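Quick notes on the structure that follows.
2 protein chains.
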Amino acid sequence: MSETNGTRTRAVGVRDVAALAGVSRQTVSRVLNEHPDVASATHDRVVAAMEELGYRMNNAARALGTRRTRTIGVLASDALQYGPSRSIAAIEASAREAGYWVSTAYADSGDADSVRAAIEHLRAQAVDGLVVFAPHARTLDVLKDLDTGIPTVALHTADRSAHSVDQIAGARLAAAALADAGHRRIAHLAGPADWLEAEARASGYEAELAARDLDFRLTVRGDWTARSGYEAARAVRDAGATAVFAGNDQMALGLITGLRELGVDVPVDVSVVGFDDTPDAAYFWPPLTTVRQDFDELARRAVAALVGEGSDAASEASEASASAAPAPVAPVLISRASVAMPR
Amino acid sequence: MSETNGTRTRAVGVRDVAALAGVSRQTVSRVLNEHPDVASATHDRVVAAMEELGYRMNNAARALGTRRTRTIGVLASDALQYGPSRSIAAIEASAREAGYWVSTAYADSGDADSVRAAIEHLRAQAVDGLVVFAPHARTLDVLKDLDTGIPTVALHTADRSAHSVDQIAGARLAAAALADAGHRRIAHLAGPADWLEAEARASGYEAELAARDLDFRLTVRGDWTARSGYEAARAVRDAGATAVFAGNDQMALGLITGLRELGVDVPVDVSVVGFDDTPDAAYFWPPLTTVRQDFDELARRAVAALVGEGSDAASEASEASASAAPAPVAPVLISRASVAMPR
DNA sequence: TTGTAGGCGTTATCAG
DNA sequence: CTGATAACGCCTACAA
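Written out as C-alpha cells, the structure is:
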C-alpha cells in the first residue's frame with residue numbers, strides 16, 4: 088500500500104531484507120529458520136525489515152537448497168466415502184500445524200495403474216512423506232513394488248499394527264450389541280472382498296459369533312453403496328436373519344429401505360447395526376446404531392509419524408509411549424434405535 | 088535394482104543425463120520441455136539416457152527458474168459436505184490431466200482469519216492459480232482484501248456469472264415440482280443466511296412462488312445438517328405447510344425423520360424436495376426427489392480457466408463459445424417418491 | 001539444431 | 001554470533 092520503492096520491485100528476497108537490515112543474507116536465513124544463535128537485536132531488525140518489505144519466502148528455492156519440500160503427499164482414493172474425506176481434511180490440518188504443505192493425488196484404489204501413476208506424480212513432486220490410503224490389498228502391493236524411498240504410512244488398511252482403527256474390535260462391538268440384545272441369527276452385510284477393512288470387519292463378525300457359539304452365518308457382499316445394501320435386503324429376509332451387521336452406514340441405510348419395501352420392519356423384525364457413524368446416521372429411520380471411528384486421531388498419528396521420522400526420531404518421546412508399536416485406535420459403539428430384541 | 092553406478096549416486100540430474108547422452112544439459116532441458124527443435128535421433132538418445140539413469144525432474148529447480156510451480160492451490164472449506172468433497176476430487180483430476188499438481192489448504196469458511204491463513208499458506212507455496220471455495224460472503228471479502236495477484240476462481244459461490252451451478256434455477260425447479268403437484272403452501276428449509284448459495288436458493292424459492300402467485304411463505308433456517316432439518320420439523324408442521332423445499336439433502340433427511348416423529352407422513356401429509364442428489368438420497372425413506380448439481384463439470388471449468396489463463400488465453404476457443412461469460416451449469420430435477428399431491 | 005554463460009532465491013559450509 | 005562463497009538443478013537468454 089504505502090510502498091515507496093524506487094527500484095523495480097521484482098520480488099522481495101533475502102538479499103533485499105539483508106540490505107535493509109544491514110546484515111548478510113545468511114543472517115536473514117538464520118532468522119527465517121529460527122536458528123538460536125542470532126542476537127535478539129539483529130533478529131528484531133531483520134524481522135522489521137521483512138515486515139516492511141512484505142517479504143515472503145520462496146519455497147522452491149528453499150527446497151532446492153535443502154532437498155526437502157516440507158510437503159506431505161497424500162495418495163487418496165475413494166475420497167467420496169465418509170471416512171477418507173474426513174481423513175484427508177484431518178491430515179491437512181495436522182500437516183499445516185506442523186508447518187507442512189499437503190499435495191494430493193487421487194487414484195482409483197482398485198486400479199493398480201492409477202495408483203502407480205498417482206504415486207509417480209507425488210514422487211516427482213519430491214514430497215518428504217507419503218500418506219497412502221490403501222484400502223485395497225492391491226494398493227499395498229503396488230506400494231511395495233515401487234519402493235519409493237520416501238517415508239510412507241498407509242491408512243485405511245486393516246494392518247492392525249500401525250495407524251489404524253481396530254476394525255476387528257469394531258466389528259465385534261457391533262456383533263456383540265446384536266447378540267446382547269438376544270439375537271442368534273445375525274447376518275453380515277460386508278464390503279467388497281478385496282477391501283482389507285471389509286475383510287477385517289468380516290472376520291470380527293465371525294470371531295464374535297464363534298466366541299458366543301452362534302452357528303448361524305450369512306455374509307452378503309455389498310460395495311459400500313446404499314444401493315448394494317438395498318439389493319441385499321431380499322437375501323437377508325430369505326435367510327431368516329433377525330439381525331444384520333452392515334459394513335458401513337450407507338449400506339445399512341439401503342438395507343433398511345430395502346427391507347421396508349419387503350414389509351420387514353427395522354427394528355421390530357430385524358435389527359441393524361452400521362459402521363462409521365456418519366453425521367446422518369442419527370437421522371436415519373430408525374436412527375442407526377453404529378460404530379464410530381476416530382478418523383481425526385488417525386490422521387494426526389499418520390502425520391506425526393511422518394514429520395517425526397523426517398526430522399528427529401525422538402520427538403515423539405514427549406508423552407510416555409513405546410516408539411514402535413502404537414496401539415490401534417479403539418472404535419466405540421453408538422447405540423440408537425435400530426437394535427431391538429428379536430420377537 | 089540393477090544399477091551398477093560407480094560414482095556416488097547423489098541424485099541424477101540433467102548434467103548426468105547430458106553426459107551419458109553426449110549432449111549439453113541444455114539439450115536435455117529441451118527434451119524435457121518438448122521443445123520442437125531437437126533432432127529426433129538426439130531426442131531418443133537423451134530419452135534413453137534418462138531411462139537408464141532413472142532420471143526424475145526436480146520441480147523445485149524448475150520452479151525456481153520459471154517462477155511457475157505448475158501447482159494449483161485449492162482453498163477448501165466445508166470439505167465434509169457432499170458438494171465440496173466431490174469438487175475437490177474433480178479438481179485434482181482435471182489438474183493432473185493438465186499436468187498440474189494440487190496443493191490443498193482447508194479453512195473454516197466462516198472464520199476470516201482461518202481463510203486468510205490458508206490463503207497465505209498457499210501463496211507462500213507460490214501456486215500458479217487458486218481455486219477458492221467461497222460459500223460465505225465473508226470468504227469473498229477476505230479474497231478481495233488480500234488481492235493475491237494470483238489468478239483465482241471462486242467456487243460454490245452464488246455468483247451466477249462464472250463457474251457455478253445455477254442455484255436460482257435449481258431452486259425454482261424444486262419449488263416448481265412442488266407447485267406442479269398441486270401444493271400451495273410450500274415452505275423453504277434454508278441453509279445459513281451467510282451462505283451465498285443458501286441465499287440464492289432462497290431467492291429462487293421466492294421467485295418461483297411469486298411467479299405463480301402463491302402467497303404462503305415460510306422460511307426456516309437450518310445449518311445444512313440433518314440435525315437442523317430434524318429440528319425444523321415442528322415449525323413446518325405448525326405452519327401447516329404441505330410441502331417443503333429443503334436446501335440440501337441432509338436437511339431433507341432430518342426433516343423427514345422429524346416430521347415422522349410428529350406423526351406427519353412424507354409424502355402423504357407433506358411433500359419434500361431436497362438439493363444435491365447425494366448418492367444416499369435415492370435410499371432415504373421415502374426416496375428423495377431432489378435437484379442434481381454437476382460438480383465435476385464445475386471443477387473442470389475452474390481448472391480450465393486457470394490453466395488457460397496462465398498459458399494461452401485463446402486455448403479455450405477450440406469449442407465455440409464466447410470467451411468471457413460461460414453460462415452457469417444447469418441443475419436437473421430428479422423425481423422420486425417424496426413428492427405427492429396434497430391431500 | 002546445439003552449446004555456452006549466467007542467474008533464479010535459499011541454505012550449507014567454513015571462516016572470522 | 002556473523003559473514004563470505006559455493007552449491008542446489010534447472011531455465012532463459014544469446015551465440016555458434
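Chains A and B are the protein sequences, given in the same order.
Numbering follows this note's numbering, with no gaps: position 311 of the first sequence is 398.
Numbering follows this note's numbering, with no gaps: position 144 of the second sequence is 231.
Where is the CB? At the ideal position from N, CA and C, for every residue including glycine.
Bear in mind the structure is a predicted one, so any value in this text is a computation, not a measurement.
Three-state secondary structure assigned by DSSP to residue i
| i | result |
| --- | --- |
| S398/A | Note that S398/A scores 46 on pLDDT, short of 50, meaning its location in the model is unreliable and no value can be drawn from it. |
| D198/B | coil |
| H122/B | coil |
| G141/B | coil |
| L265/A | helix |
| Y187/A | coil |
| T153/B | helix |
| V353/B | coil |
| L233/A | helix |
| V426/A | coil |
| T158/B | strand |
| S251/B | coil |
| P276/B | In the sequence as displayed, the identity of residue 276/B is Leu instead of Pro. In the structure shown, L276/B sits in a strand (DSSP, three-state: E or B). |
| F371/A | coil |
| F220/B | strand |
| T329/B | coil |
| L167/A | coil |
| L305/A | coil |
| R379/A | strand |
Contacting residues, own chain, Cβ-Cβ under 8 Å from residue i (five flanking each side not counted)
| i | result |
| --- | --- |
| I178/A | I159, V161, V189, V218, A386, A389, V390 |
| L140/B | V99, D103, V104, L107 |
| A48/B | Within the shown structure, residues of chain B are numbered from 88 to 430, placing residue 48/B beyond reach of any answer. |
Neighbour list for residue i in chain B, Cβ cutoff strictly below 9 Å
| i | result |
| --- | --- |
| Q337/A | P366, D367, Y370 |
| R314/A | P366, A369, Y370 |
Exposed unless 16 or more other CB atoms sit within 10 angstroms - verdict on residue i
| i | result |
| --- | --- |
| T153/B | exposed |
| D267/B | exposed |
| R299/A | exposed |
| S164/B | buried |
| D215/A | buried |
| R259/B | buried |
| D200/B | exposed |
| M338/B | buried |
| G291/A | buried |
| S174/B | buried |
| S422/B | exposed |
Whole-angstrom C-beta distance between residue j and residue i, which should lie under 8 Å
| i | j | result |
| --- | --- | --- |
| V478/A | S425/A | This structure gives no information on residue 478/A, because the portion of chain A shown stretches from 88 to 430. |
| G334/B | F362/B | 6 Å |
| G269/A | R288/A | That pair is no contact at about 22 Å. |
| Q168/B | W311/B | 7 Å |
| I273/B | A328/B | 7 Å |
| A280/B | R308/B | 6 Å |
| G197/B | R225/B | 7 Å |
| A135/B | D367/A | Wrong, their Cβ atoms sit about 55 Å apart, outside the cutoff. |
| P171/B | H122/B | Wrong, their Cβ atoms sit about 39 Å apart, outside the cutoff. |
Same chain only: Cβ atoms within 6 Å of residue i, ignoring 5 sequence neighbours per side
| i | result |
| --- | --- |
| R324/A | L349, V351 |
| A150/A | T156 |
| R102/B | R112 |
| S181/B | A386, R387, V390 |
| H130/A | V118 |
| Y142/A | V99, V104 |
| T365/A | Y169, D336 |
Under 9 Å by beta carbon: chain A residues contacting residue i
| i | result |
| --- | --- |
| R183/B | A192, Y193, A204, A205, H208 |
Chain-ordered neighbours of residue i on chain A, where CB pairs are closer than 7 Å
| i | result |
| --- | --- |
| G341/B | Y370 |
| W188/B | S190, Q212 |
| E179/B | T191, A192, Y193 |
| T239/B | The premise fails here: T239/B is roughly 17 Å from chain A at the closest Cβ pair, so nothing lies under 7 Å. |
| L151/B | A147, A148, L151 |
Listed by chain order, chain B residues near residue i by CB distance under 7 Å
| i | result |
| --- | --- |
| M144/A | A211 |
| S172/A | A166, L167, S172 |
| R347/A | W372 |
| T226/A | Within 7 Å Cβ-Cβ: nothing; T226/A doesn't reach chain B, min ~17 Å. |
| A176/A | A166, L167, Y193 |
Per-residue contacts from residue i into chain B (C-beta, under 8 Å)
| i | result |
| --- | --- |
| L375/A | The contacting residues do not exist; L375/A stays about 11 Å from chain B at best. |
Cβ-based neighbour list, residue i, same chain, cut-off 7 Å, excluding 5 preceding and 5 following
| i | result |
| --- | --- |
| A322/A | V307 |
| T344/A | Y317 |
Partner residues on chain A for residue i, Cβ-Cβ distance less than 8 Å
| i | result |
| --- | --- |
| Y317/B | Y370 |
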